[in-house]
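Okay, so the sequence shown: first residue is 147 according to the numbering used here, each after it adds one.
Read through the structure below, which is laid out as structure tokens, and then see the notes.
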Amino acid sequence: MCNKMSEKEGKEEERAPLIEETSQLLNPFVHRLELNTAYDKFKLVLMSIFVVPVRVVGIMITLLVAYVLASAGLWGLSRDQLAARPLSGWRRQIRWYMGCVGRMMMRCFGCQWMKIKGRIATKKEAPILIVGPHSSFFDCIAVFWSNVPCLVNRIENLQLPLFGKYIDYTQPVYVWREDTNSRQNTIQEIKRRATSDEDWPQVMIFPEGTCTNRSCLITFKPGAFYPGVPVQPVLIRYPNRTDSFTWTWDGPGALKMLWVTLCQFHNFCELEYLPVYTPSEEEKRDAKLFANNVRQVMADALGVPVADYTYDDCRLMHKAKLKNLPYQTGLIEFQKLRYRLGLNLKNVEEELLTQYADIAVSDGKITLSDFAKYLGIPEHEPALVELFHLYDKDNSGTIDFREYLIGYCQYSQPANTEDTLKWAFKLFDRRGKGHILLDDLIKALRASLDMTPEETTRIFKQADQDSKGYITYEDFEAHAKRKPEYAKIFLTYQESIKNGTRPRSIHQPPPGKKKAD
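And the structure:
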């Protein structure tokens, strides 16, 4: 679940935080559609009656025409043939008509005002087009105005009515999520087409991999950058009064957004082709560096910050919401933590987030009182207070989910060793019989952690799940693994005995200071 980290490494991490804090928490996965004014409501009614039906008919006609053209272009070709070589002759010529039909469809959505900045590079100049920010289905305008390049697409999208045939015609690089080798196969196929002497169209990629609200650029997946060839960044903007173009995980549904878009008198869209970015030798060797540098160029041109969120943060945010936690709980820049701490997304989703939700009963964050209640240890116990402060890296008095993950992996998990558990078990097994009785545990915890008999009894019953009346070492070990914080507290207590000191209680003033009256 986590890579073991030593106490020394943990303290070094305190001096060099894992994640650079931003001045304000950005959540790129949330969107709110405001339609509160009388003007907005009147426009929705008026357009729904007189204009939307006409636009829908126009959209359906363009989709049918595109379907017929794509079917003609694909006639007699298998998928293997499509992937083997680029289309040529009359099949290739259909691509131009497909682009025209796609532009016509966007006009039917009200996108009469298309502003194009810069010049699209040729395939020789930039084999790969990098598009961002990715915020909705409407980002397909970049496809229609960029000579219908090849796309990187999920194989599931082939099942979309009408659109599936259109996508297939572009000769996309398909991603098979069920295939464990899909990632490497995708990278190799992108590289093959980008460096091929054959007349392949440019490859267009949305490297963020999921939709955002365009408040920042999230982490770029490195797949498009492994070939090490020049790329052209392409920016998308929707400078509209009503933002009905943004589809995020936490926001209005797709049908509502489509309806509101169709109800606008006109929609403004901008495409900007930035200068071709040619990688350095170092960037050719390091795809992640290449991706980060291109992202920064695009962010500077957009005037937005970068944030190291990924699709994994999106999933965690969704899971947090299902557990009645604030949505920002899941925004932890998971990729950074995964590489540094060795986290596994499935374990974080199913175990640690659930565990955190059980503890954090105070507005989605853990207080000292929550922490003490979860472990069944008195709130004033110095060892507990010390552990809480280790978790609470920003000294805010509460522990958020990111701090909990870091503390769990840096302090509690490494302390949960067999030696520590055996020492603690021996401490509680006062009679040396190989098991712990309730009376022995009450005496030991009263002496070591100043716990009441009631508090001790609750812990005893949790560990003695078979109601045997005693706790074996296996019971003790299993309970400690479920709550590794105990091991860290035992270790702190053990060190205090060796040093002849006890950790300072939260109610005790620091050395040199007098307790307030």
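Virtual Cβ for every residue (Gly too), placed ideally from N, Cα, C.
In the assembly as shown, Asn359 is a buried residue. Its beta-carbon has 16 or more other beta-carbons within 10 Å. Per DSSP, Ile351 lies in no alpha helix (DSSP H); the unbroken beta strand (DSSP E) holding it starts and ends at 349-351.
The alpha carbon of Arg237 has as its nearest neighbour, out of Val247, Gly256, Met251, Ala216, the alpha carbon of Ala216. Between His412 and Gln556, the alpha-carbon positions lie close to 54 Å from each other. Ile512 places its beta carbon less than 8 Å from that of Ile545. Rounded to whole angstroms, Glu418 and Leu209 show a C-alpha spacing of 26 Å.
Excluding five sequence positions before and after Gly256, the CB atoms of its chain that fall closer than 8 Å to its own CB belong to Arg201, Thr407, Leu408, Gln410, Phe411, His412, Asn413, given in chain order.
Close CB contacts of Lys189 within its chain, under the 8 Å cut and outside five residues either way in sequence, are with Cys409, Gln410, Phe411 (chain order).
Excluding residues up to 5 positions away in sequence, Val294 lie with their Cβ nearer than 6 Å to the Cβ of Arg241 in the same chain. If you look at His464, you'll find it in the alpha helix (DSSP H) that goes 457-468. Thr332 places its beta carbon 8 Å or farther from that of Val349. For Val277, the uninterrupted beta strand (DSSP E) run begins and ends at 274-278, by DSSP. Taken atom to atom, the span from the alpha-carbon of Ala633 to that of Glu495 is near 23 Å. In the DSSP assignment, Val191 falls outside any beta strand (DSSP E) and within the unbroken alpha helix (DSSP H) covering 184-196. In the same chain as Tyr457, and ignoring 5 residues on each side of it, the C-beta atoms closer than 7 Å to its own belong to Gly355, Thr356, in chain order. Taking the C-beta atoms as reference points, Pro379 is found nearer than 8 Å to Leu420.
Here Leu297 is bridged, per DSSP, to Met350. Straight across, the Cα-Cα distance linking Ile276 with Ile351 is about 5 Å. Counting along the chain, no beta strand (DSSP E) covers Cys362, and no H or E run does either.
Of the residues assessed, Ala626 falls on the buried side of the cut-off, its CB having 16 or more other CB atoms within 10 angstroms. Cβ-Cβ distances below 6 Å link Pro398 to Leu179 in the same chain, with the five nearest sequence neighbours on each side left out; the list follows chain order. With 16 or more neighbouring CB atoms inside 10 Å of its own CB, Asn562 falls in the buried class. Under the three-state reduction of DSSP output, Gln317 falls in the coil class, being neither helix nor strand.
In the assembly as shown, Phe622 is a buried residue. Its beta-carbon has 16 or more other beta-carbons within 10 Å. Arg265 and Asp446 have their alpha carbons spaced roughly 19 Å apart. Distance from Thr602 to Ile588 at the Cβ level is roughly 5 Å; contact confirmed, criterion being Cβ atoms closer than 8 Å. The alpha-carbon separation between Arg592 and Asp504 amounts to approximately 26 Å. Secondary structure of Glu271 (DSSP, three-state): coil.
Straight-line measurement puts the Cα of Pro232 at about 13 Å from the Cα of Ile336. Only residues of its own chain outside the window of five on either side were considered, and among them Leu308, Lys311 have a CB closer than 6 Å to the CB of Tyr213, listed in chain order.
In the DSSP assignment, Thr618 forms a beta bridge with His581.
Put simply, the backbone Cα of Ala506 is about 13 Å away from that of Arg548.
In this structure Ala218 is exposed. Its beta-carbon is surrounded by fewer than 16 other beta-carbon atoms within 10 angstroms.
Only buried fits Ser282, as 16 or more other CB atoms lie within 10 angstroms of its CB. Secondary structure at Lys539: coil, using DSSP grouped into helix, strand and coil.
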